[in-house]
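Engineer: Numbering (our numbering), first residue to last: 84 to 334. Ideal Cβ positions, reconstructed from N, Cα and C, are used throughout, including at glycine.
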């Protein structure tokens, strides 16, 4: 690979781990792109289309390009999590979903993104949100709408209503309905204010999860916790915070 594309690397360990994780646990594995510190810039629609095609070739099913060019070898990712600046997101909205959903439908390729809880979030235009399968809304580190803030309930309603079918053109199958997830911190240092609003006990997150599940939002997918490794180490009552959250998602 270093000869064919000097700036690409091959991750043999990740190749085997991705395949084992998908087969053993039935979990989806998405590649995260963009976000803080990213230097990716898309200067035109042509660059955006080329970028979408490149993602599909490098991380989609084997056989689209030379096997030696695929960073994860024979492992096929389940989708992409894209966090971009407004102009880039608008361009990707035209091309990345088309590549994923039209050419990747047989493999069930997924798209997701993680906007801030303020609605609308200018970093992720609605036209792109409505192309995504999952929208992980970050209800933390934003005093106006985070968990425990006065604007939390209004923000929840705004996100649910905006992502409902019929609000704007969406994908062509109700089975691919956009689901939004309430993003919460999994440990105190991630977002002190939002984490503190959950209370001193981890079961506070279970209470919040139950309230959300029973609130009747038709497109609520569940919770998103940032991040997993820290959450696994945050334990009370014999359960880590991830397990507490899962317990609360039952009415």
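(1) Just to confirm before moving on: does the CB-CB distance between residue 163 and residue 218 stay below 8 Å?
(2) In whole angstroms, what separates the C-alpha of residue 243 from that of residue 267?
(3) Which of the three DSSP states is assigned to residue 166 in this structure?
(4) Closest to residue 195 by C-alpha separation, out of 102, 150, 166, 333, would be which residue?
(5) Work out the CA separation of residue 99 and residue 156 for me, nearest whole Å.
(6) Under the three-state reduction of DSSP, which class applies to residue 335: helix, strand or coil?
(7) Determine the contact status of residue 247 and residue 200, defining contact as a CB-CB distance below 8 Å.
(8) Which word fits residue 91, buried or exposed, when buried means at least 16 other C-beta atoms lie within 10 angstroms of its C-beta?
(9) For residue 216, which three-state DSSP category applies?
(10) I'd like to know if the stretch 220-228 and the stretch 144-161 are in contact, where contact means that at least 3 CB-CB pairs between them fall below 8 Å.
(11) In terms of alpha-carbon separation, which member of 193, 158, 140, 294 lies closest to residue 115?
(12) In three-state DSSP terms, what is residue 195?
Structural biologist: Here's the rundown:
(1) no
(2) 17 Å
(3) Strand.
(4) Here the closest residue by C-alpha is 166.
(5) 9 Å
(6) Nothing about residue 335 can be read from this structure; the chain reaches only from 84 to 334.
(7) no
(8) So residue 91 counts as exposed.
(9) Three-state result, residue 216: coil.
(10) no
(11) 193
(12) DSSP places residue 195 in the strand class (E or B) of the three-state scheme.
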